[in-house]
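**Q** I'd like to ask some things about the structure below.
There are 2 protein chains.
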Amino acid sequence: MRIIGPNVIGIFDAYSGVDTIFSPRYRQKRPDQGAIGFISQSGAFGAAVMDWAATQGIGVSKFISIGNRIDVDEVDMLKYLENDRETKAIAVYLEGAKRGRALFHMLRHVAKKKPVVLLKSGESSEAQHAISSHTGSLAGEAALYKGMLKQAGTIAALCSEDLFDLSNALAHQPLPRGDTIQVVTNGGGFGVLATDSIVKYGMKMAKPDRKTIEKIKSKIPAYASVANPMDLVGDADSERYKIALDAVMQDKNVSGVIVILLMQLSALETDIVNVLVSLKKRHEKPLLVCTTGGEFTAMHVRMLEKEGIPTYSSPKKAAHAMKALVEYSRTRKRLSI
Amino acid sequence: MRIIGPNVIGIFDAYSGVDTIFSPRYRQKRPDQGAIGFISQSGAFGAAVMDWAATQGIGVSKFISIGNRIDVDEVDMLKYLENDRETKAIAVYLEGAKRGRALFHMLRHVAKKKPVVLLKSGESSEAQHAISSHTGSLAGEAALYKGMLKQAGTIAALCSEDLFDLSNALAHQPLPRGDTIQVVTNGGGFGVLATDSIVKYGMKMAKPDRKTIEKIKSKIPAYASVANPMDLVGDADSERYKIALDAVMQDKNVSGVIVILLMQLSALETDIVNVLVSLKKRHEKPLLVCTTGGEFTAMHVRMLEKEGIPTYSSPKKAAHAMKALVEYSRTRKRLSI
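Line order of the protein sequences matches chains A and B. Quick note, the first sequence lines up with residues 966 to 1302 if you use this note's numbering. Quick note, the second sequence lines up with residues 966 to 1302 if you use this note's numbering.
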């Protein structure tokens, strides 16, 4: 049994400025002040995810690499982050619990107040063996964990990228009242793919009210497809998005909106950021962005993320994050009874 | 039925320089000369994916947005790319086939020579409805397509990001002889996650020969974990990777290698690129890299991609790409009988 790397406890507090991370800043950027509290049982895992988040423009409140847990463990840290004002959602990477029963109770307790997204590795016996070499933890039965986490109202991340994808939506967006999702896009293909993903994740395509459809149709070109997915087509500018989004955000048949922005198309200018920020302020309804591309897209990703509008590089990821919002909305109702 | 965007046929030939894409280059970067031939039934989808690929350093041979297919369709383009010297793997985004039977025969024919990765949208009836608005295609039964593609030896992409993730591995890496995979890492957590993903994708964790293990152990610090996953731990430099990788690449028990590079850790310098390029030249065995992070990582991603070493932002994606290599290796054997 070797416990080398994880011996070291790393702490990063974006608000107080405490930073005990060894990696130099040219290798690992530090995230801005943000709303995600992050607990990791692997230091290098934490470093890589934080570096990614910082570059995307996603902020963090506190990061704690819990090392080999001589003094404090994930249960203590969950309790701490539960009461941390800056933390709106908690992300956890865990190889094995030190105190299983206490963890379950704490997760269930915290879930009443804040969403917790947890990535538990060690699903296979091969990985469980690897865990015993890495952190010396007992990985435990994967099925047992799965049931425990579900009962506690914890949102399961299934891979490394899920962890912040889901936490980011939960930290920044309001919870939906239902599971009827509207897609608004300037590219037909991505609209179709988003539809497939929404259905796959067990949500429903919203059926906008007839009045909503008519209102939009009266204001935008007839060649756009005002339905769901709503294809504003390739020459859509920010104004067309604004008309469409303002209407669907007000529609009671719509619980949440996935906006697809393909910045490669010339009509879409940077003022789309203002449009989305203003919508976020006016409507208490989740709005997630799907956008993919190169540098020009990356610039807009950072702008949006800094305004608390989560972005996703694929329709599937956006749908998965929306599903986490739907799931946590239900969990809150269940646990508060 | 509206067929607006996809009316326009877009062509990009990285070798001849032909470029009929409307999007300006500051919005959509053009990929370098490369080995992936890309056929898309959605222009905007193609634009977004190409922009992403260009920024990653992934090259393309030809890109054809087939529009509304008045003259040529996906079957013709597959035939064309089959005989295109620069194209080593073909990526296809399809909403609905124009000539189903001809497509099946062409896919099966091409698969004997070159791998084809295909993303077929329209799994749900909701998405099928959206497709009829977008390209006016008949989406067809999802289950029917699934069976057809499998029989034809086509590799299925399940989301937008899969398409180039899988094509990239198939275009640049040799096919594995079996399905036993070795993981080499400088971060324990990512090693565990890669193990979970390898098992999930139906492959096996390789059991390196005792001699391989001993050879590596004799040359690197005792606190490293020489197993599978092989955790070279946080202070691993390029030399330690070289020793480990050179040994496992020669091991007959190992069919393919996933190398995890966490560039946040200070000991790992840029000369790791040379190590991997040199290994690629000396061994006829697939090697895929998993690396995630910010700008410093992105710089290394571009270097590796330009050398034909595919990189993945998560262990799951790397394992999925390795699975595509394993699958196509089997397909080649099956179809050549």
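The beta-carbon is built from N, C-alpha and C at its ideal position, and this holds for glycine as well. This structure is a prediction, so every number in the text was calculated from the model and none was measured.
Quick check on DSSP: helix, strand or coil for G1308 of chain B?
**A** Here chain B comprises residues numbered 966 to 1302, so residue 1308 of chain B is not present and cannot be evaluated.
**Q** By how many angstroms is the C-alpha of Y1058 of chain A removed from the C-alpha of G956 of chain A?
**A** Summary: the structure shown does not reach residue 956 of chain A, with chain A confined to residues 966 through 1302, and so no result is reported for it.
**Q** If you check the beta carbons only, do L1114 of chain B and A1013 of chain A fall under 7 Å apart?
**A** no
**Q** Please report the Cβ distance between V1303 of chain B and L1135 of chain B, rounded to the nearest whole angstrom; I am assuming they are in contact, meaning their Cβ atoms lie under 8 Å.
**A** Nothing about residue 1303 of chain B can be reported from this structure: the residues present for chain B run from 966 to 1302 only.
**Q** Given 8 Å as the limit, is there contact between the stretch 1260-1271 of chain A and the stretch 1284-1301 of chain A, that is, 3 or more CB pairs closer than that?
**A** When C-beta atoms of the stretch 1260-1271 of chain A are compared with those of the stretch 1284-1301 of chain A, fewer than three pairs fall below 8 Å, so the two segments do not count as touching.
**Q** With a threshold of 7 Å between beta carbons, is S1220 of chain A in contact with chain B?
**A** no
**Q** Which bits of chain B does I1096 of chain A rub up against, with CB to CB less than 7 Å?
**A** V1157
**Q** Does the count of Cβ pairs from the stretch 1150-1158 of chain B and the stretch 1034-1049 of chain B closer than 8 Å reach three?
**A** no
**Q** Excluding the 5 residues preceding and the 5 following K1282 of chain B in the sequence, name in chain order all residues of the same chain whose CB lies nearer than 7 Å to its CB.
**A** D1130
**Q** Taking all protein chains shown into account, do 16 or more other C-beta atoms lie within 10 angstroms of the C-beta of K1078 of chain B, making it buried, or fewer, making it exposed?
**A** exposed
**Q** How many angstroms separate the CA atom of S1294 of chain A from the CA atom of A1187 of chain B?
**A** 49 Å
**Q** Which residues mark the beginning and the end of the beta strand (DSSP E) in which K1111 of chain B is found?
**A** Looking at the DSSP string, K1111 of chain B is not in any beta strand (DSSP E); the run it does join, the alpha helix (DSSP H), is A1107 to Q1116.
**Q** Pull up the DSSP beta-bridge partners for G1221 of chain A, would you.
**A** Looking at the DSSP output, G1221 of chain A sits in a beta bridge with A:I1146.
**Q** Is K1271 of chain B near G1022 of chain B, with beta carbons less than 7 Å apart?
**A** yes
**Q** Taking Cβ-Cβ distances shorter than 8 Å, what residues in chain B pair up with S1231 of chain A?
**A** F987, S988, P989 and R992
**Q** P1280 of chain A and S1220 of chain A - do their beta-carbons sit closer together than 7 Å?
**A** no
**Q** Relative to chain B, which residues along the stretch 1050-1063 of chain A have a C-beta separation below 9 Å, given in chain order?
**A** Y1058 and E1060
**Q** For a contact meaning CB atoms closer than 8 Å, what does P1280 of chain B contact in chain A?
**A** C1124 and S1125
**Q** How about T1235 of chain A and V1254 of chain A: are their beta carbons less than 7 Å apart?
**A** no
**Q** Under 7 Å, Cβ to Cβ, is there at least one residue of chain E near E1088 of chain A?
**A** No chain E is present in this structure, whose protein chains are A and B.
**Q** CB-CB under 7 Å to R967 of chain B, same chain, minus the five flanking residues each way: which ones, in chain order?
**A** Low confidence applies here, because R967 of chain B scores a pLDDT of 38, under 50, leaving its location unreliable; read the following figure in that light. Cβ within range, chain order: S1098.
**Q** Look up K1027 of chain A in the DSSP assignment and give the residues it is bridged to.
**A** A:D978
**Q** Can you give me the C-alpha to C-alpha distance between G1273 of chain B and L1233 of chain A, rounded to a whole angstrom?
**A** 34 Å
**Q** Bridge partners for I1004 of chain A per DSSP, in chain order?
**A** A:I1029 and A:V1057
**Q** Starting from the beta carbon of T1296 of chain A, find every residue of chain B whose beta carbon is closer than 7 Å, and list them in chain order.
**A** Correct list: empty, because the minimum Cβ distance to chain B is about 25 Å.
**Q** Out of A:V1213, A:V1224 and A:T1256, state which residue places its alpha-carbon closest to the alpha-carbon of A1171 of chain A.
**A** A:V1213
**Q** Taking the alpha helix (DSSP H) that A1067 of chain A belongs to, which residues open and close that run?
**A** G1065 to A1076
**Q** Give the straight-line distance between the Cα atoms of F1010 of chain B and T1119 of chain A, rounded to the nearest whole angstrom.
**A** 34 Å
**Q** At 7 Å on the CB atoms, spell out the chain A contacts of R1160 of chain B, in chain order.
**A** Note that residue 1160 of chain B corresponds to Thr in the displayed sequence, not to Arg. What T1160 of chain B touches in chain A: S1089, E1091, A1092 and A1095.
**Q** Classify Y1110 of chain B as buried or exposed, calling it buried when 16 or more other Cβ atoms lie within 10 Å of its own Cβ.
**A** buried
**Q** Distance, Cα to Cα, T1160 of chain A vs I1225 of chain A?
**A** 12 Å
**Q** Take Q1147 of chain B and list the residues in its own chain whose beta-carbon comes closer than 6 Å to its own, dropping the five residues that flank it on each side.
**A** A1171, N1193, V1213, V1219 and V1222
**Q** Using the C-alpha atoms, what's the distance from Q998 of chain B back to Y980 of chain B?
**A** 6 Å
**Q** Along the chain, where does the alpha helix (DSSP H) that runs through K1245 of chain B open and close?
**A** Its alpha helix (DSSP H) spans residues I1237 to R1247.
**Q** Who are the near neighbours of K1245 of chain B in its chain, counting only those whose CB is closer than 8 Å to its CB and skipping five residues on each side?
**A** If the five residues before and after K1245 of chain B are omitted, its C-beta is found closer than 8 Å to the C-beta atoms of L1252, E1272, G1273 and I1274, all from its own chain and listed in chain order.
**Q** Leaving out five residues on either side along the sequence, give the residues of the same chain with a beta carbon under 7 Å from the beta carbon of D978 of chain A.
**A** K1027
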